[in-house]
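Read the structure below first, then the notes.
Protein chains in written order, with the working numbering: chain A, 1082 to 1378; chain B, 1017 to 1889.
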């Protein structure tokens, strides 16, 4: 199991990005840069994600959370800063090795599922394995296993457009799980689903995580979802991480008015229930944690 | 405002490309031709109905049983219209052009989709390709690719490529960005992202592009016909120019059937080939439930069906081939062509169709493989200048085709006229009773709507009307000459005749309109239309060298009006597609005509030498080399075997007197060679002078303005650097100049006579001439320098150079008995200074060792000389 560490990540779009990073470090506001036509999407983001942990990045749209996520697997190259994963610095990795890391160790689930419409459910689930050039038989076996994990057995030969939204996203999840990657990046993965289905999916994710214990970075703009899923939460605003902590910390001690306004309507009892469980997790006992998890439901 | 010489630049580019990139063009030509021949062989070989069945099975596979049946019916209709062969040629052309287009368009589209640069670069190029009128590059295309299928295919590719590129670009850009990101997130390489995600998802759009490409390719068939590409375009093009509505509709229908077939099939291909299409099809079928009408056989079943029919077709063909092996060819005695193929181009004018099919048949009978190509006039000339068409029979000169002749003259040779005179005229229907002459038109403008209906704007007749005839009769104010096309002029005429309304049209004779309608040719009392064209046979300039026999035949080809109209009627009556049979039955009614048109050597009046050997001696002097190689060529053509031997003066006279040499052509008499003549004349005979007078002189370039006579020279010594450039020191002329000419004019003080050699003198002259410097040289006439440069022979008022010689043909005294025919020819032999000068110059340009070739080129450029010098018996 490996730790993911983001170290002072900056992403600036536009002219003279390096200059802009220096000025941001020197305290220049990002609105000043925007007036010059340069967009600072992510400013000085640092955090780490431990094995088996769900790390939720929460923020409104335009807060830079999607850009941050894409820097973690190198789809977007940071302007400055480092991403360390399993002892490797992904930022300086050549394209070819970076692709190898993406194919074997980091997988991704998308907001609008991004299933390939010209491939069957089974072929979609096995896509990552195909990229790894796993032989067909093993690929199909592992893809079918991943589909079983998301309770889609029996749908292998169907086409994506024959499935409901929730089922499609389960295929997306299966595709991400099939490669057996250590790190799962989930980009607003449940936002496009109906509330009921979303709830179901969240439960399923927690259950899977309970069994597989991946590192998960989960992006959302929905605070309830963040509270429900996150072992730790980072709140983003205008490209900066304004607060990091357990759900309880966020709710009980918001770092500023912005976060406070955000957490105002949260069901505190639920959060605090989860929070005690999180505290237990960090404290250590696996058995106790699982019992608590059951209890909290 | 400054005139941007864009036209000049493009002509330079074209000629640069022609000179430097031709091997590439040749390679392209070979590849495209090969592809076309392959595809056409496959499509043209099977029985029409069997191939129709195969195509119907493909339709069944792609779209279901109803489409299969309709496809078969449509294709059978093409066969029944007797358009199957041209339809398959068109189909082959479309297939070849589309395949090449797609092979180029898809990569370009991918490039355009993935690279901002590619997109920026391609967009204007595609706009240009799509909007630049095809005619603009069609004619230059002939320079590069010859005529026929290749320039047509290239033009088609250029025209149909843009939608292919654009749809590929669009298809790839349309692929959901999240899908591409998903592929990347799983570590897919860019190449695999393209192959596994972008292309499969873009495939329906790309196939829609292919569909567009094919449709545009089909729309080019008529334009293709104008550069001689075979296929349906040819019959449509013919129909247009003959205003043959029925034929046009038949050809057009065949094109439409092909278009619908190709359109529906490529559209359906998307459902069969692309995964998304298959998916959509399955969904639609499951929604509607399967029915017989929607049943489509599995690919394997369809494949087997095609294979079975193909095997049957193959079997039938084998059987047929055995039967057709017995086709009679030229019998060995008349087979002078030995299967050599010769390209005969023709335009859509009745007399040309008739005469071209006539010659096709004649040449076939003589063992040639004539290849008939129908073309647009401009294309025909361009193609002939390039050499991809060898000759054609329908040039109206000097007026109608004057502009083409002027442009391509240097690459063509006129083999003489075979019909004439023709006439150009303005004609009105004869129910317009009060107009008989051009002058009568005046004041009746309102009757004719102020309009004279003309033909193609580039035609010579139009120019003549505009600049001479109309102003001459004062008609240019009241009448407007409308330019359109021959076809629309005839259509206009037809409409007016039907409604009995007055119309005046630009017409010419012979023309079938005169037999179809009652027309009055307006007389031309002032004779402004001129003497009338004659119909000439033109050929590429290398043609007489490559096909001496055919050139010979064509030169003596003549046709009387009665014969021509008779033949035209026969061809016209038989209808399109049956010209050859018409000509054959017409020839059968005119026995002996083939032998008259194309006499076979052996029985030929041209071969009067029967291989007899004649020895011709010559001196290595320019005029003698020219004359001797000329006679070498002429006598060889007449069946003699010429033995050419070089001598110096003394040994020549000896050899000739004892009969070792039969004759020579360079006797400078009565002066220069008088001593030899005196010594040997009793064994020799003088056949007369063929050139006179010769002269010796001092010459200056004509840009030296104020020196015209030897007496002018003294005052200009410093201008000439005090030098007169001489030749070899021992020659008679040098001693003459030194001892009598210079002293006579008082030049011996101011001028030095520089002795050197003739080549050095000529080199000096060339250098000075190029720099426009004054120079005076010792020269003599005849000399090729006079035709190469503009020179002034300095007058010799004091007669210091002495009397003039003439050049005689001398022969052994037995020669007139042994070779009466040659002796007769030589007695009448005469060349002008211009003729001899240009011949010497040609030989000089061709360089040593190429004398014979130079003579052939010169003869070809001077048609008629041969017949004048060596007339048949």
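Glycine included, every Cβ here is placed at the ideal spot set by N, Cα and C.
Within a Cβ cutoff of 7 Å, which residues of the same chain sit near residue i, ignoring the five residues on either side of it in sequence?
i, result
"residue 1241 (chain A)", "1196, 1198, 1202, 1205, 1249, 1252"
"residue 1620 (chain B)", "Unreliable positioning characterises residue 1620 (chain B) in this predicted model, as indicated by a pLDDT of 44, which lies under 50. The coordinate reading is nonetheless provided below. The answer is none, since no qualifying residue turns up."
"residue 1098 (chain A)", "1160"
"residue 958 (chain B)", "Nothing about residue 958 (chain B) can be read from this structure; chain B reaches only from 1017 to 1889."
"residue 1773 (chain B)", "1743, 1744"
To the nearest angstrom, report how far apart residue i and residue j are at their CA atoms.
i, j, result
"residue 1064 (chain B)", "residue 1084 (chain B)", "16 Å"
"residue 1067 (chain B)", "residue 1256 (chain B)", "29 Å"
"residue 1264 (chain B)", "residue 1352 (chain B)", "39 Å"
"residue 1874 (chain B)", "residue 1858 (chain B)", "7 Å"
"residue 1288 (chain A)", "residue 1308 (chain A)", "16 Å"
"residue 1261 (chain A)", "residue 1236 (chain A)", "21 Å"
"residue 1345 (chain A)", "residue 1326 (chain A)", "17 Å"
"residue 1555 (chain B)", "residue 1375 (chain B)", "14 Å"
"residue 1086 (chain A)", "residue 1128 (chain A)", "6 Å"
"residue 1713 (chain B)", "residue 1808 (chain B)", "10 Å"
"residue 1614 (chain B)", "residue 1572 (chain B)", "9 Å"
"residue 1193 (chain B)", "residue 1211 (chain B)", "15 Å"
"residue 1116 (chain B)", "residue 1274 (chain B)", "19 Å"
"residue 1729 (chain B)", "residue 1756 (chain B)", "15 Å"
"residue 1323 (chain A)", "residue 1189 (chain B)", "37 Å"
"residue 1668 (chain B)", "residue 1361 (chain B)", "49 Å"
"residue 1395 (chain B)", "residue 1601 (chain B)", "31 Å"
"residue 1479 (chain B)", "residue 1499 (chain B)", "10 Å"
Skipping 5 residues on each side, what residues in its chain have a beta carbon closer than 8 Å to that of residue i?
i, result
"residue 1861 (chain B)", "1870"
"residue 1289 (chain B)", "1219, 1223"
"residue 1238 (chain B)", "1249, 1252, 1253, 1256"
"residue 1347 (chain A)", "1304, 1305, 1308, 1332"
"residue 1539 (chain B)", "1452, 1453, 1454"
"residue 1879 (chain B)", "1429, 1430, 1431, 1432, 1571"
Could you pull the DSSP bridge partners for residue i from this structure?
i, result
"residue 1524 (chain B)", "B:1440"
"residue 1824 (chain B)", "B:1683, B:1705"
"residue 1177 (chain B)", "Its beta-bridge partners do not exist; DSSP assigns none."
"residue 1498 (chain B)", "B:1469"
Output needed for residue i: all residues of its chain with C-beta closer than 6 Å, excluding positions within five of it in sequence on either side, in chain order.
i, result
"residue 1255 (chain A)", "1206, 1227, 1228, 1231"
"residue 1357 (chain B)", "1385, 1387"
"residue 1370 (chain B)", "1583, 1584, 1587"
"residue 1090 (chain A)", "1123, 1126, 1152, 1159, 1162"
"residue 1113 (chain B)", "1169, 1172, 1173, 1233"
"residue 1492 (chain B)", "1486"
"residue 1379 (chain A)", "As displayed, chain A neither begins before 1082 nor continues past 1378, which places residue 1379 (chain A) out of reach and without an answer."
"residue 1542 (chain B)", "1488"
"residue 1160 (chain B)", "1041"
Whole alpha helix (DSSP H) elements within the region 1140-1167 of chain A, 4-residue minimum
1146-1153
Let me know the beta strand (DSSP E) ranges lying completely inside the region 1450-1483 of chain B, each 3 residues or longer, listed in chain order.
1467-1469
Taking the runs of the alpha helix (DSSP H) that are 4 residues or longer, which of them lie wholly in the region 1363-1413 of chain B?
1366-1381, 1393-1402
Beta carbons nearer than 7 Å to chain B: which residues of the region 1172-1204 of chain A have them?
1180, 1181, 1183, 1184, 1188, 1189, 1191, 1193, 1195, 1197, 1198, 1199
Residues in the region 1257-1279 of chain A having any Cβ partner in chain B nearer than 9 Å
1257, 1260, 1266
Please list the residues of the region 1155-1182 of chain B that have a C-beta atom closer than 7 Å to any C-beta atom in chain A, keeping them in chain order.
none
The region 1217-1243 of chain B: which residues have C-beta closer than 7 Å to a C-beta of chain A, in chain order?
1217
Along the region 1125-1158 of chain A, what residues have a CB closer than 7 Å to any CB found in chain B?
1154, 1156
Unbroken stretches of the alpha helix (DSSP H), 4 residues or longer, contained in the region 1786-1811 of chain B
1801-1804
To be precise: take each residue of the region 1269-1301 of chain B, compare its Cβ to all Cβ atoms of chain A, and keep it if any distance is under 7 Å. Which residues remain?
1291, 1292, 1295
Could you run through the region 1052-1071 of chain B and flag, in chain order, every residue whose CB is less than 9 Å away from some CB of chain A?
none
Any residues in the region 1212-1224 of chain A with a beta carbon nearer than 9 Å to a beta carbon of chain B? Which ones, in chain order?
1212, 1213
Could you please tell me which residues of the region 1185-1197 of chain B, in chain order, have their CB closer than 8 Å to any CB of chain A?
1192, 1194, 1195, 1197
Contact set between the region 1331-1344 of chain A and chain B, restricted to residues whose Cβ is under 8 Å from the partner:
none
Just list the alpha helix (DSSP H) runs in the region 1191-1256 of chain A, keeping only unbroken ones of 4 residues or longer that don't cross its boundaries, in chain order.
1202-1206, 1208-1212, 1217-1230
Using a Cβ-Cβ cutoff of 8 Å, what residues of the region 1235-1252 of chain A are near chain B? List them in chain order.
1240, 1242
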